[in-house]
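**Q** Sharing a structure with you now.
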Amino acid sequence: MIEKQYTILGTAGLHARPTSALVSAVSSFKSDITLEYVGKKVNLKSILGVMSLGVASGTTITIAADGEDEADAIAKVDAIMESEGLGK
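No gaps in the numbering here: position 5 of the sequence shown is 5 in UniProt numbering, and each next residue is one more.
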């Protein structure tokens, strides 16, 4: 299992467009990928699950991947976070 923390930079937090980009980016991976925010954990492959968290700007999230392609999945999340200006 690989876990990585990100501080959300977007002024609107994780709203629909960046959430959609993240979900689309990880959907094809076989690994289980979760997003944790204020003690709640959801499947990162579920746009409704992620949107239900209401992740705000300036807060920290943890993304974890567990499975055969976990390293590639986290690398893809890193790329989306950077390209979309979502987090660091």
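All C-beta atoms in this analysis are idealised placements derived from N, C-alpha and C, irrespective of residue type, glycine included.
These numbers come from a predicted model, not from an experiment.
Go ahead and pull the three-state DSSP assignment for E3.
**A** Start at 1 with the first residue of the sequence shown, and residue 3 comes out as number 3. Strand.
**Q** Rounded to the nearest angstrom, how far is the Cβ of I80 from that of A21, given a contact under 8 Å?
**A** The count along the sequence shown starts at 1 and reaches residue 80 at position 80. The count along the sequence shown starts at 1 and reaches residue 21 at position 21. The pair is a contact, with the Cβ atoms about 6 Å apart (cut-off 8 Å).
**Q** At least one CB of chain C closer than 8 Å to the CB of K76: is that the case?
**A** This model lacks chain C altogether; it includes just one protein chain.
**Q** Taking just the CA atoms, how far does G54 sit from M1?
**A** Residue numbering aside, residue 1 sits at position 1 when the sequence shown is read from its first letter. Residue numbering aside, residue 54 sits at position 54 when the sequence shown is read from its first letter. Going from the Cα of M1 to the Cα of G54 covers about 25 Å.
**Q** Hey, D69 and K41 are a contact pair by Cβ (cut 8 Å); roughly how many whole angstroms apart?
**A** Against the sequence shown, residue 69 aligns to sequence position 69. Against the sequence shown, residue 41 aligns to sequence position 41. The Cβ separation is near 20 Å, so there is no contact.
**Q** Can you name, in chain order, every residue of its own chain whose Cβ lies under 6 Å from the Cβ of Y37, other than the five neighbours on each side?
**A** Position 37 of the sequence shown, counted from the first residue, corresponds to residue 37. Excluding sequence neighbours, Y37 sits near L53, V55 and I61.
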